[in-house]
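Numbered according to the numbering used here, the sequence shown spans residues 4 to 199. One structure below.
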Amino acid sequence: YTRTFDEEINSIIKKIHQYPQRTKDLDRLKINFDQANSIDQAYINSLLVTGQPGIWLDVYNSYNKLDNRQLLVKTIPAKSIEISGIQLVDYERNLKESMHKACAFYYARGNKMLQSDIQTEVRQSYLDFMQVANLECSYEDLDKLLRKAVLKGSTNVEFELNNRTGRQIDAKIVNQLTSVIWSFKKAKYGQDKPAD
């Protein structure tokens, strides 16, 4: 539902950008803005009620939607915002808190999964650590943990390149694939590419 409200908000704001003195659609802007915000707030509240530790990325993304919607509205003249009656809210604290809690959750779960002997759980730890990196949280040992997850989560795979196209493969592609294979072998087995 928020998509249709957001589409309407975008449409109204485009009209206001074209005609900054326009006040005709300000009532509709407020109605759509309030409706979209109430849906996102209700979703955040429903997540918070669960008390589950894994909710924080969804909470963060929802606060991000609220904040981005508000930033869009702030692109119209301040007088128009005042006439519309739209109330602006500072989401900075909520964004920081939910991002911090999301990072803490994925970091802790990633560490737990990394201790497992089950390959799929170790691979999940890599995804969890990548989530922390994507949220741009700073953990000193994150790079080290990512490398450890890659090495521990990899399987013993032999690579073979067969050209069945009937056409000549560009030497650059062959070199790149060979480089990837030997990088994997060096990381996993300590094997260096032979000189020949």
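A virtual CB, placed ideally from N, CA and C, is assigned to each residue, including glycine.
**Asked** residue 107 and residue 72: beta carbons closer than 8 Å?
**Response** No, these two residues do not count as a Cβ contact at 8 Å.
**Item:** Straight-line gap, residue 92 to residue 81 (C-alpha atoms, nearest Å)
**Value:** Those two C-alpha atoms are separated by around 15 Å.
**Prompt:** Distance, Cα to Cα, residue 57 vs residue 97?
**Reply:** Distance between the alpha carbons of residue 57 and residue 97 is about 16 Å.
**Asked** Does DSSP put residue 139 in a helix, in a strand, or in coil?
**Response** Of the three classes helix, strand and coil, the one that applies to residue 139 here is coil, per DSSP.
**Message:** Within a Cβ cutoff of 8 Å, which residues of the same chain sit near residue 27, ignoring the five residues on either side of it in sequence?
**Reply:** Take residue 27, set aside five residues on each side of it, and no residue of its chain has a beta-carbon closer than 8 Å to its own.
**Rounded separation between residue 113 and residue 185 - CA only** = Answer to the nearest angstrom: the Cα atoms are 27 Å apart.
**Request:** Kindly indicate which three-state DSSP category residue 19 falls into: helix, strand or coil?
**Result:** Three-state DSSP puts residue 19 in a helix.
**Residue span of the alpha helix (DSSP H) that contains residue 53, given as start and end** = Under the DSSP assignment, residue 53 falls in the alpha helix (DSSP H) whose first and last residues are 29-53.
**Prompt:** Using the rule of at least 16 other Cβ atoms within 10 Å of the residue's Cβ for burial, across every protein chain shown, is residue 43 buried or exposed?
**Reply:** Buried is the label assigned to residue 43, since at least 16 other Cβ atoms lie within 10 Å of its Cβ.
**Asked** Which value, in whole angstroms, describes the spacing of the CA atoms of residue 109 and residue 88?
**Response** CA-CA distance, residue 109 to residue 88, rounds to 39 Å.
**Request:** Just the C-alpha distance for residue 74 and residue 94, rounded to the nearest angstrom, thanks.
**Result:** The alpha-carbon separation between residue 74 and residue 94 amounts to approximately 11 Å.
**Item:** First and last residue of the uninterrupted alpha helix (DSSP H) at residue 153
**Value:** Taken as a continuous stretch (DSSP letters only), the alpha helix (DSSP H) holding residue 153 covers 145-156.
**Message:** Going by beta-carbon coordinates alone, are residue 129 and residue 149 separated by less than 8 Å?
**Reply:** At a Cβ-Cβ threshold of 8 Å, residue 129 and residue 149 count as neighbours.
**Prompt:** The alpha helix (DSSP H) spanning residue 113 covers which residue range?
**Reply:** From DSSP, the alpha helix (DSSP H) with residue 113 extends over 95-117.
**Request:** Along the alpha helix (DSSP H) that carries residue 86, what are the first and last residues, could you check?
**Result:** Going by DSSP, residue 86 is part of the alpha helix (DSSP H) stretching over 81-87.
**Item:** Where residue 173 falls, given that 16 or more other Cβ within 10 Å makes a residue buried
**Value:** Classification for residue 173: exposed.
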